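First the structure, in the form of structure tokens, and then the observations on it.
Numbering (this note's numbering), first residue to last: 1 to 200.
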């Protein structure tokens with residue numbers, strides 16, 4: 001091939017262009033194409049992570065929405081089954097129930113709560129209670145005995161008021177003695193203390 005001829009020069013120029021294009025591909029475009037492919041893979045990985053995080057966020061938002069009624073139930077349970085025996089509060093609630101029944105604070109002749117115990121054993125016999133109280137380490141029971149003096153209507157209203165207290169009172173026995181219009185009533189039952197439920 002004669003490089004001095006026009007045809008030879010064209011062929012040599014074409015070969016040089018091919019070599020330059022091949023070197024350009026190998027040195028410039030090839031690495032950039034690899035970098036673009038790697039970047040695309042990273043984008044896909046980030047998209048998958050974002051989708052997983054969005055699903056977790058939606059799940060947490062559902063749980064948050066479900067938590068509101070659970071908090072209401074927990075608050076109600078904390079009133080029915082307080083975390084401490086709260087003897088002064090117990091005396092105040094029962095006296096308030098007696099006053100609302102028309103008996104008056106002076107009509108409450110005896111109010112004797114026992115110390116809370118786990119497992120629900122009956123105080124007098126030590127036998128296990130037949131009342132529907134779960135036996136576990138979360139709930140303790142205390143026996144509460146209330147004696148009042150009043151008429152029959154006041155006694156009925158007192159029992160209704162005891163039932164309507166915020167604190168749960170499981171009445172197990174009622175003893176009514178006396179003559180028409182003047183009764184001594186002894187109410188025996190259980191109140192409960194429960195450890196606070198940990199916040200979710």
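Beta carbons: idealized from backbone N, C-alpha and C, even for Gly.
Small disclaimer: the values here were computed from a predicted structure and weren't measured.
- [ ] Mind the definition here: the stretch 93 to 108 touches the stretch 158 to 176 only if three or more C-beta pairs lie below 8 Å; say whether that holds.
- [x] Taking one beta carbon from each stretch, the stretch 93 to 108 and the stretch 158 to 176 have 3 or more pairs nearer than 8 Å; the two touch.
TODO: Determine the DSSP secondary structure at residue 124, reduced to helix, strand or coil.
DONE: In this predicted model, residue 124 has a pLDDT of only 42, less than 50, meaning its place in the structure is not dependable; the value taken from the coordinates is given anyway. Shown here, residue 124 sits in coil according to DSSP, grouped into three states, outside any helix or strand.
Open item on the list: Can you tell me which residues form a DSSP beta bridge with residue 189?
Closed with: DSSP, once it has assigned bridges, lists 144, 171 as partnering residue 189.
- [ ] Put residue 150 into one of helix, strand or coil per three-state DSSP.
- [x] Residue 150: strand per DSSP, three-state reduction.
Task: Through-space distance from residue 46 to residue 79, alpha-carbon basis - done: In a straight line, the C-alpha of residue 79 is about 48 Å away from that of residue 46.
Open item on the list: Measuring only the C-alpha atoms, how far is residue 196 from residue 145?
Closed with: Roughly 25 Å separates the two Cα atoms.
TODO: Please determine if the stretch 99 to 112 and the stretch 147 to 157 are in contact, where contact requires at least 3 C-beta pairs separated by less than 8 Å.
DONE: Three or more beta-carbon pairs separated by less than 8 Å link the stretch 99 to 112 to the stretch 147 to 157, which places the two stretches in contact.
TODO: Using 10 angstroms around the beta-carbon of residue 13, count the other beta-carbons present and answer buried if the total reaches 16, otherwise exposed.
DONE: Burial call: exposed.
Open item on the list: Nearest by alpha-carbon distance to residue 156: which of 102, 59, 143 is it?
Closed with: For the residues 102, 59, 143, the minimum Cα distance to residue 156 belongs to 102.
- [ ] Within the same chain, show all residues whose beta-carbon is closer than 8 Å to that of residue 73, passing over the 5 residues directly before and after it, in chain order.
- [x] Excluding residues within five positions, none has a Cβ falling inside 8 Å.
Open item on the list: Suppose the cutoff is 6 Å on Cβ atoms and the five residues either side in sequence are ignored; what does the same chain contact list for residue 175 look like?
Closed with: For residue 175, where only same-chain residues beyond five positions count, the Cβ hits under 6 Å are 186.
Task: Cβ pair residue 193, residue 116 closer than 7 Å - done: Cβ atoms of residue 193 and residue 116: closer than 7 Å.
TODO: Out of 105, 42, 143, 181, state which residue places its alpha-carbon closest to the alpha-carbon of residue 173.
DONE: Among 105, 42, 143, 181, the Cα nearest to that of residue 173 belongs to 143.
Task: Backbone secondary structure at residue 83 - three-state DSSP - done: Residue state, collapsed to three classes: coil.
- [ ] Take the Cβ of residue 154 as the centre, count every other Cβ of all protein chains shown within 10 Å, and call the residue buried at 16 or more, exposed below.
- [x] Buried, since its Cβ has 16 or more Cβ neighbours within 10 Å.
Task: Bounding residues of the beta strand (DSSP E) (the contiguous stretch that carries residue 110) - done: Its beta strand (DSSP E) spans residues 108 to 113.
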